[in-house]
Amino acid sequence: MTGNRGLNRMWEKSLRWLAVAVLLMCLGLPGSAVAAHSPIVSQEELLQAAVQYLHDRFASPEVRLKVSPLSHLKRWVVGGPFDSLAVTAPNLPLRGGYTPLTISAKQNGKVIRSLVFAVDLHIFQPVLVAQSRILPRTPLKGAPVVKKEVDVSRLHSPPLHSVAQLAGKMARRVIQPAQPLTEADVMPVLLIQRGEKVTLQYNRGSLHIELTARALQDGAQGEVIWLLNPQTRQRIQGRVVDRSLAIVP
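Counting from -1, one number per residue, gives the positions in the sequence shown under this note's numbering.
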């Protein structure tokens, strides 16, 4: 009996030590479910993925990007293992500024988790810049412009990059020195001005009529303007095709 009680005490003691060992494993040993931690992506890694994506989207030797984070997220706890980060931006602003990007953590091609990472994007490109003041309706062929790298992120209209884009154009409004030229600053050169005499042609099959009318509006090539037949005082519409020449559409 005494021997059996000794064996029981040893068995109980062994069980207590086993319970302590299991508890320690759960609390601190690597590989346990309690101690396992989720993969973490730093803000620097998120920014690096964003910059690489934007460089690929704006791939051009003449384009220079400046990217800074707007998100206050310092680290991203993904919540599971992943092998790659993918960046997408379906509504990417072509002129920069506030740019929300979707960054997804993937494992074997499957999206594990995604987040929106906003950046401030500045795009620097060589564009046409006025060297001196250009007045409205000034023809821009041979205008005082130079190509210069500027930040196009805050422009409200696409910039002009080549002097070839100025052919047949004139200033729509005042363009100040050092101001980048945009599509909103230019318009087609007027071929017809209000009050001018215009040759107006009417062609329908074998019927050809030509008369001299007076322009009631300014008109550039391709525009439809109102003209006045001085004999009948009738208003007629004509499409501008050349200097002082319009055709009834």
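Quick reminder that beta carbons are idealized off the backbone N, C-alpha and C, glycines included.
By the 10 Å Cβ neighbour count, where 16 or more other Cβ atoms means buried, how is isoleucine 101 classified, buried or exposed? Isoleucine 101 should be labelled buried.
At least three beta-carbon pairs within less than 8 angstroms, the stretch 149 to 156 to the stretch 164 to 173: Using a C-beta cut-off of 8 angstroms, the stretch 149 to 156 makes no contact with the stretch 164 to 173, since fewer than three inter-stretch Cβ pairs fall below that distance.
Can you find the residues in the same chain that come closer than 6 angstroms, C-beta to C-beta, to serine 40, ignoring five residues on each side of it along the sequence? Contacts found: Arg73.
Over what stretch of residues does the alpha helix (DSSP H) that includes histidine 70 continue unbroken? That residue, histidine 70, is in no alpha helix (DSSP H); it is neither H nor E in DSSP.
Cβ neighbours of valine 20 in the same chain (closer than 8 angstroms, five flanking residues each side left out): With a pLDDT of 47 at valine 20, under the threshold of 50, the modelled position of this residue cannot be trusted, and the question is left open.
Output needed for arginine 62: all residues of its chain with C-beta closer than 6 angstroms, excluding positions within five of it in sequence on either side, in chain order. Here arginine 62 has Phe122 as same chain residues with Cβ atoms under 6 angstroms from its own Cβ, once five neighbours each way along the sequence are excluded.
Unbroken alpha helix (DSSP H) run spanning leucine 99, endpoints: From DSSP, leucine 99 is part of no alpha helix (DSSP H) but of the beta strand (DSSP E) over 95 to 105.
Pair within 7 angstroms by beta-carbon distance, alanine 211 and valine 117: No, the Cβ-Cβ distance between alanine 211 and valine 117 is not below 7 angstroms.
Residue environment, alanine 162, which counts as buried when at least 16 other CB atoms sit within 10 Å: With fewer than 16 Cβ atoms within 10 Å of its Cβ, alanine 162 is classed as exposed.
Under three-state DSSP, which class holds valine 298? Here the chain covers residues -1 to 247 and nothing more, so residue 298 does not appear.
Would you kindly report the start and end of the unbroken alpha helix (DSSP H) that includes arginine 55? From DSSP, the alpha helix (DSSP H) with arginine 55 extends over 41 to 55.
Do you know how far the Cα of glutamate 42 is from the Cα of tyrosine 51? If I take the Cα positions, the gap works out to 14 angstroms.
Pull up the CB-CB distance for valine 109 and alanine 128, whole angstroms please, since I reckon it's below 8 angstroms. Approximately 48 angstroms separates the beta-carbon atoms of valine 109 and alanine 128; this is outside 8 angstroms, ruling out the contact.
Going by the CB atoms, is the gap between alanine 169 and isoleucine 223 shorter than 7 angstroms? No.
Chain-order list of residues whose beta-carbon lies under 6 angstroms from that of lysine 64 (same chain, five-residue window excluded): These residues qualify, in order along the chain: His120.
Give me the DSSP bridge partner(s) of histidine 120. In the DSSP assignment, histidine 120 is bridged to Lys64.
If you draw a straight line from the alpha carbon of alanine 34 to that of serine 82, how long is it in whole angstroms? For alanine 34, the predicted model reports a pLDDT of 35, less than 50, meaning its position is unreliable and no value from the coordinates is stated.
Write down every uninterrupted run of the beta strand (DSSP E) in the stretch 190 to 237 whose length is 3 residues or greater and which is fully enclosed by it, in chain order. Whole beta strand (DSSP E) segments, 3+ residues: 195 to 202, 205 to 213, 222 to 227.
To the nearest whole angstrom, what separates the beta carbons of alanine 218 and proline 186, a pair I think is in contact under 8 angstroms? Between alanine 218 and proline 186 the beta-carbon gap is near 3 angstroms, inside 8 angstroms, which marks them as a contact.
N-terminal and C-terminal residue of the beta strand (DSSP E) that isoleucine 173 is part of: According to the DSSP assignment, isoleucine 173 belongs to no beta strand (DSSP E), since it is labelled neither H nor E.
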